[in-house]
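The working numbering applies: residue 111 is where the sequence shown begins, and numbers increase by one.
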Amino acid sequence: MNKKIRGNSMKIFRKINLIICLLIIFLNPIYLQSGKHLKNAISAMEAGLFKEALKQLDIAEVKEPKNAEVYKLKALLYEAINENQNAISSWNNCLINTNDKNLIKEAKIHIDHLKGY
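Shown next, in the form of structure tokens:
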């Protein structure tokens, strides 16, 4: 039983680490575009401080309610902590606030995947 629990914990840990690595690689340019709150959120994610990252993203959302990248980050973070309904909501907000075809495709893939759970 302990091996099964340990195995599940490792899978979750790997998933979170993968998401953090992807955020670091692909969202680094956001530092220059969207201000200190997104930068602080990404730094908090890197440190594993997910609640702090959400607080920073909430502030960024208030300051930039039309910024699809804020919603994308929130969605990915919610996925990492298994809050699927919040992730779906954030992906939907991302869809509403973007015209980027690649981001629309990414959001739809994530929403379809999350609705499968």
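The C-beta atom is built at its ideal place from N, Cα and C for all residues, glycine as well. Predicted model only: the values in this text are computed from it and were never measured.
Run through DSSP, which three-state label would Lys-176 get? Taking the sequence shown and counting its residues from 1, the one referred to as residue 176 is at position 66. Here Lys-176 sits in coil by DSSP.
Could you tell me the alpha carbon to alpha carbon distance between Leu-128 and His-147, rounded to whole angstroms? Sequence index remark: in the sequence shown, residue 128 carries index 18 (1-based). Sequence index remark: in the sequence shown, residue 147 carries index 37 (1-based). Computed Cα separation, rounded: 22 Å.
Just how far apart, CA to CA, sit Glu-174 and Ile-198? In the sequence shown, residue 174 corresponds to position 64, counting from 1. In the sequence shown, residue 198 corresponds to position 88, counting from 1. About 20 Å.
Applying the 10 Å Cβ sphere with the 16-neighbour rule, what's the burial state of Lys-182? Working through the sequence shown from its first residue, we reach residue 182 at position 72. The residue in question, Lys-182, is buried, as its Cβ has 16 or more Cβ neighbours within 10 Å.
In whole angstroms, what is the alpha-carbon distance linking Asp-229 and Cys-204? Because the chain is modelled from 111 through 227, residue 229 falls outside the range shown and cannot be assessed.
Let me check understanding here. Comparing Cα to Cα, which of Gln-166, Glu-179, Lys-125, Ser-153 lies closest to Asn-212? Mapped onto the sequence shown, residue 212 falls at position 102. Nearest option by C-alpha distance: Glu-179.
Run through DSSP, which three-state label would Asn-196 get? The residue labelled residue 196 in the question sits at position 86 within the sequence shown. Helix.
Report the residue from Leu-187, Tyr-188, Asn-194, Ile-152 whose alpha carbon sits nearest the alpha carbon of Gly-226. Translated into positions along the sequence shown, residue 226 becomes position 116. Cα-wise, what sits closest to Gly-226 is Asn-194.
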